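Heads up, the thing below is written out as structure tokens.
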Amino acid sequence: PATIYGHICSAVGDWIDPASVRFAYHFTAETTFTDLEHIHAGGDLGPITAKRQRELAAAGYPDATVYGESTVTPFKRELLFRPRLTLYLDRIDLVDAFRSPHYAVVLGRSQDLCSYPPGGIAVIDLEQRYDVYYAHTLLPIAMGRAWVGVLR
Numbered sequence: 014p015a016t017i018y019g020h021i022c023s024a025v026g027d028w029i030d031p032a033s034v035r036f037a038y039h040f041t042a043e044t045t046f047t048d049l050e051h052i053h054a055g056g057d058l059g060p061i062t063a064k065r066q067r068e069l070a071a072a073g074y075p076d077a078t079v080y081g082e083s084t085v086t087p088f089k090r091e092l093l094f095r096p097r098l099t100l101y102l103d104r105i106d107l108v109d110a111f112r113s114p115h116y117a118v119v120l121g122r123s124q125d126l127c128s129y130p131p132g133g134i135a136v137i138d139l140e141q142r143y144d145v146y147y148a149h150t151l152l153p154i155a156m157g158r159a160w161v162g163v164l165r
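For reference, each letter of the sequence shown is one residue, going 14 to 165 in my numbering.
Printed below as a string of structure tokens:
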């Protein structure tokens, strides 16, 4: 919910009262894959001498450059291929914010840019139903308690 709330606020361009909006969403991705990413952990960011650069290289830090000392820490990161988020909000007044979002559209990390497809923002009418099938769904705990006899 915090990520969805942040997504809504980034479209609006300001903080909104989280109690003022109800939401539901459906999220899928075609597949996942693993890629290598790295973090540059900087030390002294000032220029370093050629002598210090040789010392760092001999100590196992060949990535030290004339711009300063740093170390690179690689790690594996799982990425989603072709993620798709369908977001349902009960606030029609927010439609224009999603048609022209105030900030860049991201899902999670700031480098994970996304976009709303042309015609992808729409106002629809939802119908309340009781005869439904849930799959890959998180439900409020109170709903589970009310349905204990059905779920067993």
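Beta carbons are placed, not taken as given, at the ideal position from N, Cα and C, and that holds for glycine.
Please read these numbers as outputs of a predicted model, since none were measured by experiment.
Residue i to residue j span [Cα, whole Å]
{"i": "Leu120", "j": "Leu93", "result": "10 Å"}
{"i": "Arg112", "j": "Phe36", "result": "17 Å"}
{"i": "Arg142", "j": "Ile105", "result": "21 Å"}
{"i": "Glu50", "j": "Glu91", "result": "10 Å"}
{"i": "Tyr38", "j": "Phe46", "result": "23 Å"}
{"i": "Leu98", "j": "Tyr18", "result": "14 Å"}
{"i": "Arg67", "j": "Lys89", "result": "29 Å"}
{"i": "Ala252", "j": "Asp144", "result": "Residue 252 lies beyond the range of the chain shown here (14 to 165); nothing can be said about it."}
{"i": "Tyr146", "j": "Pro31", "result": "28 Å"}
{"i": "Gly133", "j": "Arg122", "result": "22 Å"}
{"i": "Pro87", "j": "Asp48", "result": "10 Å"}
Residue i classed as buried or exposed, judged by whether at least 16 other C-beta atoms fall within 10 angstroms
{"i": "Val79", "result": "Any answer about Val79 is weak, because its pLDDT of 47 lies below 50 and its placement is not dependable; what the coordinates show is given next. By the neighbour-count rule (16 or more Cβ atoms within 10 Å), Val79 is not buried but exposed."}
{"i": "Ile21", "result": "buried"}
{"i": "Asp27", "result": "exposed"}
{"i": "Ala155", "result": "exposed"}
{"i": "Ala71", "result": "exposed"}
{"i": "Val25", "result": "buried"}
{"i": "Leu69", "result": "buried"}
{"i": "Arg165", "result": "Unreliable positioning characterises Arg165 in this predicted model, as indicated by a pLDDT of 43, which lies under 50. The coordinate reading is nonetheless provided below. Exposed."}
{"i": "Gly73", "result": "exposed"}
{"i": "Leu152", "result": "exposed"}
Proximity below 8 Å, CB of residue i to CB of residue j
{"i": "Tyr129", "j": "Ser23", "result": "no"}
From the options, residue whose alpha carbon lies closest to that of residue i
{"i": "Val34", "options": "Ala42, Glu140 and Val108", "result": "Val108"}
{"i": "Thr44", "options": "Ile61, Ala32, Glu140 and Arg95", "result": "Arg95"}
{"i": "His149", "options": "Phe40, Ile17 and Ala32", "result": "Phe40"}
{"i": "Asp103", "options": "Thr62, Tyr146 and Leu139", "result": "Leu139"}
{"i": "Thr16", "options": "Ile52, Thr86, Leu152 and Val118", "result": "Val118"}
{"i": "Leu100", "options": "Ala135, Leu152 and Pro114", "result": "Ala135"}
For this session: Only counting runs of 3 or more residues, tell me where the beta strand (DSSP E) segments fall wholly within the stretch 28-56, in order along the chain.
Result: 36-55
Exercise. Taking the runs of the alpha helix (DSSP H) that are 4 residues or longer, which of them lie wholly in the stretch 105-138?
Worked result: 108-112
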